[in-house]
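Read through the structure below, which is laid out as structure tokens, and then see the notes.
Numbering (my numbering), first residue to last: 11 to 215.
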């Protein structure tokens, strides 16, 4: 839960405060550039570590049944992707033909993160719809997966200079990231609630 709030809060506040930065047309990763780029790089690292911990918590909770192995692994891989993205700064989005080595690595792991996000939603939807305790999140999880799939397609289009979305690519990416983090927050909140309820029952036994 903390990771989701941290990530969105930092890139939102820092994005508005960073001189010369446009949240609407520039990617979140571009906050890593410049003299205070360490703020966003640290944001990637801390959020990634918290997502990995969250994935381990999911693995401890879902010990059997659908998505018990695949789902938590996918979430942990998302966390690792964020960590690597923090270690390797991106290139400016305007430099289409001048990619650096660290920019390429950042791009690869960024693509992995965005690919695994909707896949994770669809995998967990399969689990949630068959699990009574998690069924309230099934519909939202499916909707998030569909929204992310469409959003990532639009993000790809927005990266083309000739597209009508080019000047809004930062906003498109932010909608995707907020959706991902909102889903993680919702799942983490329910996981915490269920684990506390289980602990309370065990204490009474």
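Don't be surprised by glycine CBs; every beta carbon is placed ideally from N, CA and C.
In this structure, residue 113 keeps its C-beta atom at 7 Å or more from the C-beta atom of residue 55. For residue 57, the number of other beta carbons within 10 angstroms of its own is at least 16, and it is reported as buried. Assignment of residue 31 by DSSP, reduced to helix, strand and coil, places it in the coil class. In the structure shown, residue 44 falls within a coil segment according to DSSP collapsed to helix, strand and coil. Residue environment analysis places residue 205 among the exposed positions, since fewer than 16 neighbouring C-beta atoms fall within 10 angstroms of its C-beta. Using a C-beta cut-off of 8 Å, the segment 118-127 makes no contact with the segment 64-79, since fewer than three inter-stretch Cβ pairs fall below that distance. For residue 73, the secondary structure class from DSSP, reduced to helix, strand or coil, is coil. Excluding residues up to 5 positions away in sequence, 21, 25, 50, 180, 183, 184, 187 lie with their Cβ nearer than 8 Å to the Cβ of residue 38 in the same chain. Boundaries of the alpha helix (DSSP H) around residue 88: 80-97. Inter-residue distance for residue 71 and residue 152 is about 21 Å (C-alpha atoms, whole angstroms). Taking a 10 Å sphere around the C-beta of residue 172, we find fewer than 16 other C-beta atoms and assign the residue as exposed. DSSP places residue 205 within a helical segment (H, G or I) once states are collapsed to three. In the displayed model, residue 183 falls within a helix according to three-state DSSP. By alpha-carbon distance to residue 191, the top candidate from 202, 127, 160 is 127. Residue 40 and residue 102 do touch by the CB rule: their CB atoms are close to 6 Å apart, below 8 Å.
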